[in-house]
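Residue numbers (this note's numbering): 167 to 344. Following: one structure in structure tokens, then a few remarks.
Laid out in structure tokens, this is it:
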């Protein structure tokens, strides 16, 4: 719980800076790059979470990895996280930042689970349909789960629609029992 509270404070701070500078998308792109290149690697996360590794070594690694690739403000933010020993919760900070950014831009995230990956045409059609239903911009976060057999499971906010073959089979089985 404490880590989420700390992450929320730092995420809010970088969000407010990005929003004030009208650079939400640019900062999101930089933070996303840091996450994909470093914090998606379990060994790297362990490195940054290890209190025995000197702070300067962590800073040097970040500078070598991202010098000239991310904005100075985002780099300074990373250095602050290292100095304050909060770099270990970077993934949580990024998740909260993204949520704040999406809310500010009126974007809803639709988690779409399918048995097989959706192609671009299918994703575009789904986005178009969901946009017309909700009246808001939609971004899809795709997940693959072969156990649903076919169809889709859609989750937007606290709403969940199970249009999967496995879900329909469960519903049929339940109705036959009653």
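We treat Cβ as the ideally placed atom computed from N, Cα and C, and that holds for glycine. Since the structure is predicted, the reported quantities are computational estimates derived from the model, not experimental observations.
How many angstroms separate the CA atom of residue i from the CA atom of residue j?
i           : j           : result
residue 333 : residue 314 : 7 Å
residue 268 : residue 181 : 11 Å
residue 298 : residue 208 : 39 Å
residue 254 : residue 303 : 32 Å
residue 228 : residue 321 : 35 Å
residue 276 : residue 184 : 24 Å
residue 292 : residue 311 : 18 Å
residue 216 : residue 306 : 34 Å
residue 252 : residue 174 : 11 Å
residue 283 : residue 220 : 42 Å
Can you give the beta carbon distance from residue i to residue j, rounded, assuming they're within the 8 Å contact cut?
i           : j           : result
residue 316 : residue 281 : 5 Å
residue 329 : residue 342 : The Cβ separation is near 20 Å, so there is no contact.
residue 231 : residue 204 : 6 Å
Please list, in chain order, all residues of the same chain as residue i whose beta carbon is under 6 Å from its beta carbon, the five residues on each side excluded.
i           : result
residue 266 : 181
residue 340 : none
residue 244 : 228
Just grab the DSSP bridge partners of residue i for me.
i           : result
residue 308 : 278
Which residue comes first and which comes last in the beta strand (DSSP E) that contains residue i?
i           : result
residue 328 : 325-330
residue 218 : Residue 218 -> no beta strand (DSSP E), and no H or E assigned at all.
residue 234 : Element bounds for residue 234: n/a, residue is neither H nor E.
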